[in-house]
Amino acid sequence: MAGDRTPKTVGTVWGLLVLNTLGSAGAKTIVPLPRSLIQMVTMGALVAAFTLALTVNLKLRIRASAYVSLLTLLLVTSVISSANLESGFGALFRCARLALFVGTLWLLSRWWDGSTTFVRHHIRMYFAVLGLVAAGLIISPGAALPDLYGGRLVGALWPLTPPQIGQYAAVIIGLTVLLLLGRRTDRKGAAVVIVPSLVLLALTHTRTATLGLVIGLTLAIGSLILTSAAARRFFTWAVVCATVAAVGFASVLQAWFLRGQSKENFSSLTGRAKVWDALLAEPRSTGETLFGMGLGDKSFGGLPIDNSWLAVYQEQGLIGVCLVAAVIIVLGGIALLRPPSLERACAIFLISYCALASYTEAGLGDASPYLLHLALAASLLAAPAAAAATPATDAPDATPEIPRRRVPQWARRTEVS
């Protein structure tokens with residue numbers, strides 16, 4: 003694997019994985035799109051991603067990855083929990099989807115070398131998704147800012163909810179800021195990504211994405227402070243600006259953060275706590291407690307669970323919860339053991355963002371953008387493949403062999419005579 007140049011097809015595969023995890027449920031679009039058509043597109047993207055990844059990696063060369071290994075165990079748990087069909091045949095379909103997702107990650111692991119190659123693929127694809135959202139906002143502001151969602155930004159051309167848009171915007175903002183600090187991109191290119199993404203994030207009024215961006219960037223930049231002067235300057239200016247904003251725009255920030263909700267509604271996390279309490283109070287057998295009910299639509303009693311840990315507990319049981327916790331702990335532990343670098347900072351940002359978002363968003367137990375974010379973190383934390391050894395490096399002190407000169411036949415006859 004040493005010296006393998008990442009083919010362009012790999013970027014296409016990563017983009018197809020992003021397309022698959024966009025989901026099929028969301029706001030009403032300008033042109034109504036049947037859910038069956040959207041599911042056909044997203045599932046077709048996953049099949050195409052697996053096929054392309056297999057084509058470009060015909061020899062099935064993979065790298066050892068604790069992250070993908072844990073996902074494989076989670077897949078096995080999902081199959082066991084879904085086999086009894088308590089969640090219907092849809093559970094087996096979701097298992098097949100997760101299997102293709104994990105299989106594609108195994109095939110791509112060949113090119114996980116600790117570089118920022120996949121970071122750029124990640125930013126480009128999600129920026130294209132945000133471009134589609136911005137186009138919908140320009141074409142039909144009413145459809146993009148519907149009253150149904152309290153005037154929050156949704157996808158008017160492709161059904162995307164405010165939390166989804168906020169998540170995509172926050173992730174690419176954080177990664178682009180880190181690339182800028184690491185001098186892997188220029189200010190103009192960074193501004194093209196950061197400025198419009200910040201506007202879209204503000205229009206979504208998504209608290210989880212905003213807090214995840216702030217906390218994730220704080221931890222990531224903090225890991226660079228001792229080795230990067232640019233990180234120290236950025237951190238200082240960020241603290242000054244945050245202090246000024248907190249003092250001068252406190253009322254505006256509070257209104258944006260509350261989104262017009264009452265204190266009671268805010269304290270119950272927009273009604274999430276009621277669903278969580280009901281889920282935990284549901285009687286379960288020993289098998290259901292250990293393995294869950296099977297992969298479903300991340301809902302309970304017809305209402306979204308909106309918590310990764312409880313969604314995993316519902317669908318994959320305590321075993322699934324332990325495996326997801328192991329994913330966060332293992333990736334976080336590896337990141338802490340790595341020396342300071344831009345790649346490590348990007349991984350810390352992604353891990354911390356996903357860990358924080360898991361409290362109010364579901365997705366860590368199934369093929370989702372969150373698992374794709376963590377896959378990107380795993381690629382950043384992978385050790386570079388060792389260069390192929392050459393004879394000179396194998397024995398540097400050995401005396402080089404002097405090639406033997408070929409003696410012409412006529413010369414041999416002269417010597418004999």
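All residue numbers for the sequence shown refer to this note's numbering, where the first residue is 3 and numbers rise by one.
Beta carbons: idealized from backbone N, C-alpha and C, even for Gly.
My output table needs one value for Pro306: the three-state DSSP class, helix, strand or coil.
It is a strand residue.
Considering only the beta carbon of each residue, do Leu107 and Ala377 sit closer than 7 Å?
In this structure, Ala377 lies closer than 7 Å to Leu107 by Cβ.
C-alpha gap between Gly145 and Ile353, whole angstroms
Looking at the sequence itself, residue 145 is Ala, so the reference to Gly does not match. Going by the C-alpha atoms only, they are around 33 Å apart.
Since Val329 and Leu305 are thought to touch, with beta carbons under 8 Å apart, how far apart are those beta carbons, to the nearest angstrom?
Beta-carbon to beta-carbon, Val329 and Leu305 are separated by about 26 Å, too far to satisfy the 8 Å threshold.
For the pair the region 155 to 167 and the region 119 to 135, tell me if three or more CB-CB distances fall below 8 Å.
Enough Cβ pairs lie closer than 8 Å, so yes.
Hey, would you say Gly176 sits closer than 7 Å to Leu344, going by beta carbons?
In this structure, Gly176 keeps its C-beta atom at 7 Å or more from the C-beta atom of Leu344.
Are the CB atoms of Leu215 and Ala172 nearer to each other than 7 Å?
The answer is yes: Cβ separation under 7 Å.
Need the endpoints of the alpha helix (DSSP H) that Ile227 sits in, please.
That residue, Ile227, is in no alpha helix (DSSP H); it is neither H nor E in DSSP.
I'd like to check one pair, Val326 with Leu366: are the Cβ atoms closer than 7 Å?
Cβ atoms of Leu366 and Val326: closer than 7 Å.
Please determine if the region 84 to 95 and the region 33 to 41 are in contact, where contact requires at least 3 C-beta pairs separated by less than 8 Å.
Taking 8 Å as the limit for Cβ pairs, the verdict is that the region 33 to 41 does not touch the region 84 to 95.
Kindly list the residues whose CB is nearer than 8 Å to the CB of Leu75, restricted to its own chain and excluding five residues on each side of it in sequence; keep chain order.
Closer than 8 Å at the Cβ level, and outside the excluded window around Leu75, lie Leu325.
Of all the options Thr208, Ser381, Val246, which has the alpha carbon lying nearest to the alpha carbon of Thr362?
Put simply, of Thr208, Ser381, Val246 the residue whose alpha carbon is nearest the alpha carbon of Thr362 is Thr208.
Around the C-beta of Ala389, are 16 or more other C-beta atoms found within 10 angstroms, so that it is buried, or is it exposed?
Only weak support exists for where Ala389 lies, its pLDDT of 42 falling under 50; the value from the coordinates is given anyway. Exposed is the label assigned to Ala389, since fewer than 16 other Cβ atoms lie within 10 Å of its Cβ.
I need the straight-line Cα distance from Ala66 to Phe251, nearest angstrom please.
Approximately 49 Å between the Cα atoms of the pair.
Cβ of Ile350 within 7 Å of Cβ of Ala222?
Between Ile350 and Ala222, the CB-CB gap stays under 7 Å.
Span of the alpha helix (DSSP H) around Arg126:
From DSSP, the alpha helix (DSSP H) with Arg126 extends over 119 to 141.
Three-state secondary structure assigned by DSSP to Ser67
Ser67 falls in the coil class under three-state DSSP.
Going straight from the alpha carbon of Leu228 to that of Thr79, what length do you get?
So the alpha carbons of these two residues sit roughly 42 Å apart.
Coil, strand or helix - Ser80 by DSSP:
If DSSP states are grouped into helix, strand and coil, Ser80 belongs with the helices.
For Arg235 and Arg189, what's the separation of their Cα atoms in angstroms?
Answer to the nearest angstrom: the Cα atoms are 15 Å apart.
Range of the contiguous alpha helix (DSSP H) that encloses Lys300
According to the DSSP assignment, Lys300 belongs to no alpha helix (DSSP H), since it is labelled neither H nor E.
To the nearest angstrom, report how far apart Phe129 and Val179 are at their CA atoms.
Rounded to whole angstroms, Phe129 to Val179 spans 14 Å at the Cα level.
According to DSSP, is Ile32 part of a helix, a strand, or is it coil?
In the structure shown, the three-state DSSP call for Ile32 is coil.
Assign Ser2 to buried or exposed, taking buried as 16 or more other Cβ atoms, counted over all protein chains shown, within 10 Å of its Cβ.
Nothing can be reported for residue 2, as the shown portion of the chain is limited to 3 through 419.
If you follow the alpha helix (DSSP H) that Gly105 is in, where does it begin and where does it stop?
That run of the alpha helix (DSSP H) goes 91 to 110.
Length of the line joining the Cα atoms of Met127 and Met45:
The alpha-carbon atoms of Met127 and Met45 are separated by roughly 17 Å.
According to DSSP, is Ser370 part of a helix, a strand, or is it coil?
Coil at Ser370, not helix or strand.
How many angstroms separate the CA atom of Gly224 from the CA atom of Leu182?
Answer to the nearest angstrom: the Cα atoms are 15 Å apart.
Using a Cβ-Cβ cut-off of 6 Å (strictly less than) and excluding sequence neighbours within five positions of His123, which residues of its own chain qualify?
Around His123: Gly13, Trp16.
Below 8 Å on the Cβ atoms is my contact criterion, and I expect Arg37 with Leu297 to pass it. Report the Cβ-Cβ distance as a whole number of Å.
The pair is not a contact, with the Cβ atoms about 18 Å apart (cut-off 8 Å).
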